[in-house]
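Numbering (UniProt numbering), first residue to last: 1 to 273. In what follows, a structure is listed as structure tokens, so that the remarks can point back to it.
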């Protein structure tokens, strides 16, 4: 159970320095640290910490009148994690804007010792993102992956870090529950998946196969690209392609919507839902 709350009376208190001006701080690297915002994300972080799923809470900052409402969540947090509370004017002064949710935590990702590629089960569905630079899209991909039972997400080195506060919030904490890896090029990731027996399906408005016609296999990977440019030709030319049939009045869907539809179709075909 978390320790008794500690009152913060000044925005300059050094004990909560990591929460200060979080919009600006979110633009810089955090060495695997991140800000979790909102009750749902705090619950996911507490659960990940309690079950040792690769993340831990370092400290928590709450609006004083929210502390009682999240008591059950705090009960899942070890007592060596400090919990700070502040009145609204102090909290707003700390974060730099009006924080109506009133719930923040500083979390840390614990680097894993095993290669995620080698830890996947014999039957697996994974999502691969290429050049996903929009934090909303990154967060939505994790939410969709959690909703449709994908086993992991692989992001190439040009994709944004899903630990950004906005991506974390949009994912409703799913960044903390869906295993992921962010490294190397998309082509290197896909070659590695192919070597491990994955059927690779790229998603494109010009894809050759209707997403509903994909035949299930034990190991499948769905590959999505950034909005506008889509996937690189080097990727599209090398692997099988799928499309989501849609009205001729519109040429494409955004990444969040397209990923959800495609994962639903593939998970359904593989009887994963």
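All C-beta atoms in this analysis are idealised placements derived from N, C-alpha and C, irrespective of residue type, glycine included.
- Counted as a single uninterrupted DSSP element, the alpha helix (DSSP H) harbouring residue 195 occupies residues 186-195.
- Note on residue 78: under 16 other CB atoms within 10 angstroms of its CB, so exposed under the neighbour-count rule.
- Two segments are said to touch when three or more pairs of C-beta atoms, one from each, lie closer than 8 Å; by this definition the segment 126-140 touches the segment 158-170.
- Listed in chain order, the non-local C-beta contacts of residue 181 below 6 Å within the same chain comprise 116 and 154, local neighbours out to five positions each way being set aside.
- Residue 166 carries a helical assignment under DSSP once its states are collapsed to helix, strand and coil.
- For residue 236, no beta strand (DSSP E) run applies; the uninterrupted alpha helix (DSSP H) run containing it begins and ends at 233-236, by DSSP.
- Listed in chain order, the beta strand (DSSP E) runs fully inside the segment 84-112 are 103-109, counting runs of at least 3 residues.
- If you compare the alpha carbons of 202, 270, 49 and 250 with that of residue 107, the shortest gap goes to 49.
- Excluding its 5 nearest sequence neighbours in each direction, residue 260 has C-beta neighbours in its own chain below 6 Å: 144, listed in chain order.
- Separation of residue 112 and residue 120 (C-alpha to C-alpha, rounded to the nearest whole angstrom) is 14 Å.
- Taking 8 Å as the cut-off, the beta carbon of residue 86 is found no closer than this to the beta carbon of residue 104.
- Residue 191 and residue 266 have their C-alpha atoms spaced approximately 20 Å apart.
- Residues 11 of the same chain have their beta carbon placed closer than 8 Å to that of residue 93, with the five preceding and five following residues left out of the count.
- The DSSP-derived three-state label of residue 154 is strand.
- Take the alpha-carbon of residue 166 and the one of residue 272: they are about 29 Å apart.
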